[in-house]
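>
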């Protein structure tokens, strides 16, 4: 309800996407490891971290955590190369140095 005045007459089908954009700009984000919803928020946060050069941006990190499962709680606080299962989370390779050209 906090955003209803700002959103005006936007179709309610778009609320999830608006929530992702709002969460992507939060100081800290806590999501679920197996959630593609949380994954996209994490990717957008990575884009913002690169652009804004926030703490940890050099490694593609942001203040993001997982609340479940417990063993993955800190998974976003360290750089990991892409590995399977690929759908379960986002990796810094998705946003790190995306504005650099390919060296020949």
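Numbering (the working numbering), first residue to last: 425 to 528.
All C-beta atoms in this analysis are idealised placements derived from N, C-alpha and C, irrespective of residue type, glycine included.
All values derive from a computational prediction rather than experimental measurement.
I believe residue 457 touches residue 496 by the beta-carbon criterion, under 8 Å. Please report the beta-carbon distance rounded to the nearest angstrom.
Taking the chain shown and counting its residues from 1, the one referred to as residue 457 is at position 33. Taking the chain shown and counting its residues from 1, the one referred to as residue 496 is at position 72. Indeed, because the Cβ distance is near 4 Å, the residues count as touching under 8 Å.
> Answer with buried or exposed for residue 468, where buried requires no fewer than 16 other C-beta atoms within 10 angstroms of its C-beta.
Residue 468 sits at position 44 when you count from the first residue of the chain shown. Counting Cβ neighbours within 10 Å, residue 468 comes out buried, since at least 16 surround it.
> Can you tell me which residues form a DSSP beta bridge with residue 492?
Within the chain shown, the letter at position 68 stands for residue 492. Note: residue 492 sits in a beta bridge opposite 456.
> Could you check what DSSP says for residue 465 in three-state terms: helix, strand or coil?
To locate residue 465, count along the chain shown from 1; it is residue 41. Three-state DSSP puts residue 465 in a helix.
> Quick one: using the 10 Å Cβ neighbour count with 16 as the cut-off for buried, is residue 500 buried or exposed?
For this step, residue 500 is matched to residue 76 along the chain shown. Buried.
> Once you ignore the five residues that flank residue 443 on each side, which residues in its own chain have a CB closer than 7 Å to its CB?
Walking along the chain shown from the start, residue 443 turns up at place 19. Around residue 443: no qualifying Cβ.
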